[in-house]
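Colleague: Read top to bottom, the protein sequences are chains A and B. First residue of the first sequence? That's 1 in full-length UniProt numbering, and the numbers climb one at a time after it. First residue of the second sequence? That's 1 in full-length UniProt numbering, and the numbers climb one at a time after it. For every residue, glycine included, the Cβ atom is placed at its ideal position computed from N, Cα and C. All of these numbers come straight from a predicted model, not from anything done at the bench. If you scroll down you'll find the structure; I have some questions about it.
Number of protein chains: 2
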Amino acid sequence: MKYGFADRVRYFDSSAVRDILKVVNKGDVISFAGGLPDEGLFPVEAVDKAFHKAICSGNKALQYAETEGLLALKELLAQRMLKKGIEKDPNDILITSGSQQAIDLFSRVMFNPGDVILTENPTYLAALQVFSSYETTVIPIDSDEDGMIEEDLEDKIKTYKPKCIYVVPTFSNPGGKVWSQQRREMLLALAEKYHVVIMEDDPYGDIQFDPASMPDSLAAMDKGNEYVIYTSTISKTVVPAMRLGWITGPHQIVRLIAQAKQAADLHTNSISQHALVHLLNDYDLDAHIETIRATYKERMLIMKRCLDEAKIEGLTYLEPKGGMFFWVTLPDYMNPEALLPIAVENGVAFVPGQPFYVDKKKRSTMRLNFTNSSPELIEEGMKRLTAVLSTVHI
Amino acid sequence: MKYGFADRVRYFDSSAVRDILKVVNKGDVISFAGGLPDEGLFPVEAVDKAFHKAICSGNKALQYAETEGLLALKELLAQRMLKKGIEKDPNDILITSGSQQAIDLFSRVMFNPGDVILTENPTYLAALQVFSSYETTVIPIDSDEDGMIEEDLEDKIKTYKPKCIYVVPTFSNPGGKVWSQQRREMLLALAEKYHVVIMEDDPYGDIQFDPASMPDSLAAMDKGNEYVIYTSTISKTVVPAMRLGWITGPHQIVRLIAQAKQAADLHTNSISQHALVHLLNDYDLDAHIETIRATYKERMLIMKRCLDEAKIEGLTYLEPKGGMFFWVTLPDYMNPEALLPIAVENGVAFVPGQPFYVDKKKRSTMRLNFTNSSPELIEEGMKRLTAVLSTVHI
């Protein structure tokens with residue numbers, strides 16, 4: 001039988017992320033391709049205890065639960081956000097199945113086909129996939145290492161009248177960069193001037209390598225709780241398999257997201273929610289985050305040294321100030337799509353930059369993950385990778 | 001600030017289910033309003049063991065996982081379905097966050113605004129909420145206690161050229177009825193004749209009170225795996241808080257649902273998935289289901305006796321053959337919306353039938369849940385309810 005599908009399936013991306021995950025799982029290939037935290041760092045014992053406590057805390061904990069999420073969890077997340085200056089009413093927080101679902105549900109309540117979203121370029125590819133599935137038009141804004149460029153942003157706001165500006169201002173994926181305080185102020189001022197909602201996606205905010213120098217979260221700067229919808233997750237700091245994230249911002253938007261969430265899946269896994277409450281109460285997550293930071297920083301520095309020592313002419317990168325990735329610009333003549341199979345043959349994988357760009361055009365860039373390999377494997381993998389980059393000229 | 005939302009939010013239902021859940025949680029009211037399984041029956045010890053085993057089975061179990069779901073779980077679900085004659089390749093199964101998400105993701109890949117879906121009337125209200133959020137048109141089909149009426153179904157297929165026929169053929173919510181084998185064959189034959197996809201929603205199939213007399217699942221009858229997309233869940237047989245369901249059917253549809261799922265939330269909670277694998281391997285779920293069946297059947301019979309003994313003229317119902325609900329037709333002059341606050345004042349709650357109808361018009365019907373109250377509370381609650389129905393004439 002021939003099926004008649006929804007028009008939106010034409011805009012489904014045939015799933016770059018899944019293809020990446022397939023490469024990751026190949027036997028003896030050292031993969032810098034994925035976006036995985038190091039499972040060796042997972043606080044397994046604390047997670048085990050937290051789930052045990054959750055499951056045995058009374059049968060009600062295993063029953064259907066409220067769509068918005070557990071109040072006890074929302075209160076704890078509000079307290080944690082407050083430490084970063086983000087002041088939110090727990091009732092304006094909604095628990096999601098990872099921040100991916102937050103992006104999806106926000107899109108569901110905001111976007112009609114043809115609506116315009118402004119983004120950095122490159123940006124988080126799975127956000128681009130979501131936006132595309134809602135048949136929106138994504139317009140990239142010129143950026144430098146401090147964030148979007150004011151002139152281009154204001155021009156494009158005036159030209160395209162966007163519904164939303166989507167940004168990952170702190171340790172962006174794939175770039176690893178941090179927006180300056182001044183650019184953040186500029187972004188919020190333009191959002192206020194032209195009445196545009198900002199989505200601040202903050203999955204990596206806790207993975208910072210130099211805690212002293214952090215600018216404010218946009219959500220912290222939006223004192224009236226009017227312009228910034230903020231999402232974050234525990235996937236990078238506790239474990240991804242718990243699938244817990246949250247979204248918070250203007251009351252009216254969060255209320256509609258709750259209605260969308262109810263239709264989408266009734267509520268987020270509540271055993272995980274109860275377990276996270278226990279984990280946040282019983283376990284020193286901040287100390288654990290310090291360990292994660294130190295471990296990832298060490299790996300980042302090893303990868304940086306390997307890149308530097310290889311002295312490949314025309315290869316440039318920005319040292320990541322946090323997060324999980326190096327974003328590497330290759331000499332213009334290099335074609336990372338053509339290089340990838342050769343690299344895999346030589347026992348190392350990366351992600352070509354293409355899917356992170358709004359226009360999906362080929363470019364001489366690649367993303368390297370440094371969190372999911374041990375220092376030894378980073379050394380060995382980078383030896384293999386830089387050998388390919390030094391000798392293969394395609 | 002005034003926000004510009006997506007057009008679809010106009011079709012969001014301001015959430016009858018949530019309102020119902022709020023009534024449920026009031027202190028000393030005996031509630032027949034919810035759709036909750038009895039948490040006293042939850043296999044807490046087995047769930048606890050299964051999660052412990054899952055969490056301690058290696059850190060990979062806590063990592064990001066495949067969008068489609070764990071293969072080991074899909075294989076076990078395929079084996080369980082096979083016992084019901086439903087033969088599916090595990091690769092054509094996708095694990096969802098409850099069957100609610102299955103309905104949502106299926107809708108996402110199938111429906112454009114204005115597309116027509118044929119349903120029973122009344123039917124599962126949260127499916128109606130999903131369909132409405134995709135701006136579809138739902139057309140009700142005349143039914144009797146054996147299922148949809150052939151003539152009306154064929155007429156409306158010809159008139160409306162529907163994309164899909166959505167049915168809950170086994171212990172429907174709210175009706176509790178079972179389609180006859182003959183009507184199932186008729187439905188499938190018409191689907192084949194006119195090339196319409198059937199969504200078979202089967203959350204209650206395991207909760208049957210008389211196992212001898214079950215007709216075939218539509219998915220079992222669809223030998224070519226062409227016309228029936230089937231969804232089920234463990235929320236009624238294990239625990240709802242694990243948020244696990246699945247969807248299976250034509251390969252092409254399931255493949256697109258996987259792409260939608262990736263954008264929606266990357267993958268379903270994988271700790272829950274691993275735990276369910278262990279639970280299905282280590283625990284006698286079928287014996288547990290027998291206990292659930294016996295317990296719920298006893299409660300259903302008590303509620304039936306209370307309804308019969310009250311001898312309220314003009315009150316009729318069909319004895320449920322399984323599932324969780326009585327669907328009660330009241331005398332025409334009665335207004336269940338007006339009765340509800342009086343009933344709650346008198347310490348008992350029910351759901352007025354209205355939100356289960358496609359047209360949302362008021363009707364003299366109510367849904368009574370018998371699974372979430374003990375026999376004693378059913379006796380007491382029914383005493384209160386029948387007293388109200390016998391004395392209050394609005």
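Would you identify the three-state DSSP class for Asn372 of chain A, choosing helix, strand or coil?
Modeller: Locating residue 372 of chain A in the first sequence gives position 372, counting from the first residue. Of the three classes helix, strand and coil, the one that applies to Asn372 of chain A here is coil, per DSSP.
Colleague: Does the beta carbon of Ala72 of chain A sit closer than 8 Å to a beta carbon anywhere in chain B?
Modeller: Against the first sequence, residue 72 of chain A aligns to sequence position 72. No, Ala72 of chain A lies away from the interface with chain B (no Cβ there is under 8 Å from its Cβ).
Colleague: Less than 8 Å between the CB atoms is what I'm expecting for Pro174 of chain B and Ser99 of chain B, so what's the real figure, rounded?
Modeller: Counting from one through the second sequence, the residue named residue 174 of chain B turns up at place 174. Counting from one through the second sequence, the residue named residue 99 of chain B turns up at place 99. Contact doesn't hold; Cβ gap of about 16 Å is too wide.
Colleague: For the pair the region 139–153 of chain A and the region 115–122 of chain A, tell me if three or more CB-CB distances fall below 8 Å.
Modeller: Yes, since at least three Cβ pairs between the region 139–153 of chain A and the region 115–122 of chain A fall closer than 8 Å, the two stretches touch.
Colleague: What does DSSP give as the partner residue(s) for Ile139 of chain B in the beta ladder?
Modeller: Counting from 1 along the second sequence, the entry for residue 139 of chain B is found at position 139. For Ile139 of chain B, which the question treats as bridged, DSSP gives the partners B:Leu118.
Colleague: State the start and end residues of the unbroken beta strand (DSSP E) segment that holds Phe326 of chain B.
Modeller: Counting from 1 along the second sequence, the entry for residue 326 of chain B is found at position 326. Where Phe326 of chain B is concerned, the enclosing beta strand (DSSP E) stretches over Phe325 to Thr329.
Colleague: Does any CB atom of chain A fall closer than 8 Å to the CB of Leu266 of chain B?
Modeller: Here residue 266 of chain B corresponds to residue number 266 of the second sequence, with the count starting at 1. Yes, because at least one Cβ of chain A sits closer than 8 Å to the Cβ of Leu266 of chain B.
Colleague: Taking Cβ to Cβ, would you say Gly353 of chain A is nearer than 8 Å to Ser217 of chain A?
Modeller: Indexing the first sequence from 1 puts residue 353 of chain A at position 353. Indexing the first sequence from 1 puts residue 217 of chain A at position 217. No. Outside cutoff.
Colleague: Using 8 Å as the limit for Cβ to Cβ distance, is Tyr227 of chain A near chain B?
Modeller: Locating residue 227 of chain A in the first sequence gives position 227, counting from the first residue. Yes, Tyr227 of chain A lies at the interface with chain B (some Cβ there is under 8 Å from its Cβ).
Colleague: If we count Cβ pairs, one from each stretch, closer than 8 Å, do we get three or more for the region 250–264 of chain A versus the region 128–145 of chain B?
Modeller: Cβ pair count under 8 Å is three or more, so yes.
Colleague: Which chain B residues sit within Cβ distance under 8 Å of Ser272 of chain A?
Modeller: Taking the first sequence and counting its residues from 1, the one referred to as residue 272 of chain A is at position 272. Per Cβ cutoff of 8 Å: Asn269, Ile271 and Ser272.
Colleague: Which residues in the same chain as Ser143 of chain A place their Cβ atom closer than 8 Å to its Cβ, once the five residues preceding and following it in sequence are excluded?
Modeller: For this step, residue 143 of chain A is matched to residue 143 along the first sequence. Contacts found: Glu120, Asn121 and Ile149.
Colleague: Do Ile207 of chain B and Arg293 of chain B have their CB atoms nearer than 8 Å?
Modeller: In the second sequence, residue 207 of chain B corresponds to position 207, counting from 1. In the second sequence, residue 293 of chain B corresponds to position 293, counting from 1. Taking 8 Å as the Cβ cut-off, Ile207 of chain B and Arg293 of chain B qualify as a contacting pair.
Colleague: What number of angstroms, rounded off, separates the C-alpha of Val358 of chain B from the C-alpha of Pro169 of chain B?
Modeller: Numbered from its first residue, the second sequence carries residue 358 of chain B at position 358. Numbered from its first residue, the second sequence carries residue 169 of chain B at position 169. Straight-line Cα distance between these residues: approximately 17 Å.
Colleague: Along the chain, which unbroken stretches of the alpha helix (DSSP H) at least 4 residues long are found entirely within the region 87–112 of chain B?
Modeller: With a minimum length of 4 residues, the continuous alpha helix (DSSP H) runs that stay inside the region 87–112 of chain B are 98–110.
Colleague: Just mark Gly323 of chain A as buried or exposed, buried being the case when its beta carbon has 16 or more other beta carbons within 10 Å.
Modeller: Reading the first sequence from its first residue, position 323 is the one you call residue 323 of chain A. Buried is the call here.
Colleague: With DSSP collapsed to three states, give me the class of Val277 of chain A.
Modeller: Your numbering for residue 277 of chain A matches position 277 in the first sequence. In the structure shown, Val277 of chain A sits in a helix (DSSP, three-state: H, G or I).
Colleague: Does Lys163 of chain A come within less than 8 Å of chain B when only Cβ atoms are used?
Modeller: For the purposes of this step, residue 163 of chain A is taken as the residue at position 163 of the first sequence. Taking Cβ atoms only, chain B reaches closer than 8 Å to Lys163 of chain A, which makes this a yes.
Colleague: Are the beta-carbon atoms of Ile165 of chain B and Ile198 of chain B separated by less than 8 Å?
Modeller: On the second sequence, residue 165 of chain B is found 165 positions in, with the first residue counted as 1. On the second sequence, residue 198 of chain B is found 198 positions in, with the first residue counted as 1. A contact, by the Cβ cut-off of 8 Å.
Colleague: Taking the straight line between their C-alpha atoms, what separation do you get for Lys40 of chain B and Phe356 of chain B?
Modeller: Mapped onto the second sequence, residue 40 of chain B falls at position 40. Mapped onto the second sequence, residue 356 of chain B falls at position 356. Correcting the residue identity first, residue 40 of chain B is Gly in this sequence and not Lys. Their Cα atoms are separated by approximately 28 Å.
Colleague: How many Å lie between Ser57 of chain B and Leu389 of chain B at the Cα?
Modeller: Here residue 57 of chain B refers to the residue found at position 57 of the second sequence. Here residue 389 of chain B refers to the residue found at position 389 of the second sequence. Ser57 of chain B and Leu389 of chain B: Cα-Cα distance of roughly 55 Å.
Colleague: Going by other Cβ atoms of all chains shown within 10 Å of its Cβ, with 16 needed for buried, is Gly34 of chain A buried or exposed?
Modeller: To locate residue 34 of chain A, count along the first sequence from 1; it is residue 34. Answer is buried; the Cβ neighbour count reaches 16.
Colleague: Roughly how many angstroms lie between the CA atoms of Tyr160 of chain A and Ile141 of chain A, to the nearest whole one?
Modeller: Here residue 160 of chain A refers to the residue found at position 160 of the first sequence. Here residue 141 of chain A refers to the residue found at position 141 of the first sequence. If I take the Cα positions, the gap works out to 12 Å.
Colleague: Using the beta-carbon of each residue, which ones in chain A are nearer than 8 Å to Glu135 of chain B?
Modeller: Within the second sequence, the letter at position 135 stands for residue 135 of chain B. None at all; the shortest Cβ gap to chain A is about 11 Å.
Colleague: How many whole angstroms separate the CB atoms of Leu105 of chain A and Ile257 of chain A, which I take to be in contact at a CB cut-off of 8 Å?
Modeller: Residue 105 of chain A sits at position 105 when you count from the first residue of the first sequence. Residue 257 of chain A sits at position 257 when you count from the first residue of the first sequence. Contact holds; Cβ gap of about 5 Å.
Colleague: Quick one: is Cys306 of chain A near chain B, going by C-beta distance under 8 Å?
Modeller: In the first sequence, residue 306 of chain A corresponds to position 306, counting from 1. False, the Cβ-Cβ gap to chain B never drops below 8 Å.
Colleague: May I ask you to report which of helix, strand or coil DSSP gives Gln252 of chain B?
Modeller: By one-based count along the second sequence, residue 252 of chain B stands at place 252. The answer is helix: DSSP assigns Gln252 of chain B an H, G or I state.
Colleague: Check whether the Cβ of Leu256 of chain A lies closer than 8 Å to any Cβ atom in chain B.
Modeller: As a first step, residue 256 of chain A is located in the first sequence; it is residue number 256 there, counting from the start. With 8 Å as the cut-off, Leu256 of chain A counts as an interface residue toward chain B.
Colleague: Return the Cβ separation of Leu82 of chain B and Val277 of chain B in integer angstroms, given the expectation that the two are a contact with Cβ distance under 8 Å.
Modeller: Residue 82 of chain B sits at position 82 when you count from the first residue of the second sequence. Residue 277 of chain B sits at position 277 when you count from the first residue of the second sequence. So it is not a contact: roughly 17 Å between Cβ atoms.
Colleague: To the nearest angstrom, how far is it from the Cα of Gly4 of chain A to the Cα of Ala260 of chain A?
Modeller: Here residue 4 of chain A refers to the residue found at position 4 when the first sequence is read from its first residue. Here residue 260 of chain A refers to the residue found at position 260 when the first sequence is read from its first residue. Taking the straight line joining both Cα atoms gives about 25 Å.
Colleague: Apart from the five residues just before and just after Ile253 of chain A, which ones in its own chain have a Cβ nearer than 8 Å to its Cβ?
Modeller: Position 253 of the first sequence, counted from the first residue, corresponds to residue 253 of chain A. Answer for Ile253 of chain A: Phe106, Val109, Met110, Val197 and Ile229, listed in chain order.
Colleague: Do Ile103 of chain B and Trp246 of chain B have their beta-carbon atoms positioned less than 8 Å apart in this structure?
Modeller: Taking the second sequence and counting its residues from 1, the one referred to as residue 246 of chain B is at position 246. Taking the second sequence and counting its residues from 1, the one referred to as residue 103 of chain B is at position 103. No.
Colleague: Report the residue from A:Tyr317, A:Glu376 and A:Asp332 whose alpha carbon sits nearest the alpha carbon of Glu298 of chain A.
Modeller: Locating residue 298 of chain A in the first sequence gives position 298, where the first residue counts as 1. Checked all of A:Tyr317, A:Glu376 and A:Asp332; the closest Cα to Glu298 of chain A is A:Glu376.
Colleague: Please work out which residues of its chain come closer than 7 Å, Cβ to Cβ, to Leu21 of chain A, disregarding the five sequence neighbours upstream and downstream, and give them in chain order.
Modeller: Taking the first sequence and counting its residues from 1, the one referred to as residue 21 of chain A is at position 21. Any reading at Leu21 of chain A needs caution, since the residue's pLDDT is 47, under 50, leaving its predicted position unreliable; the model's value is listed next. Excluding positions up to five away in sequence, the list reads Gly34.
Colleague: How would you label Ile271 of chain A, buried or exposed, when you count the other beta carbons within 10 angstroms and need 16 or more for buried?
Modeller: In the first sequence, counting from the first residue as 1, residue 271 of chain A sits at position 271. The residue is buried, with at least 16 neighbouring Cβ atoms inside 10 Å.
Colleague: Does any residue of chain B have a CB that is nearer than 8 Å to the CB of Arg243 of chain A?
Modeller: Looking up residue 243 of chain A in the first sequence gives position 243. Yes, because at least one Cβ of chain B sits closer than 8 Å to the Cβ of Arg243 of chain A.
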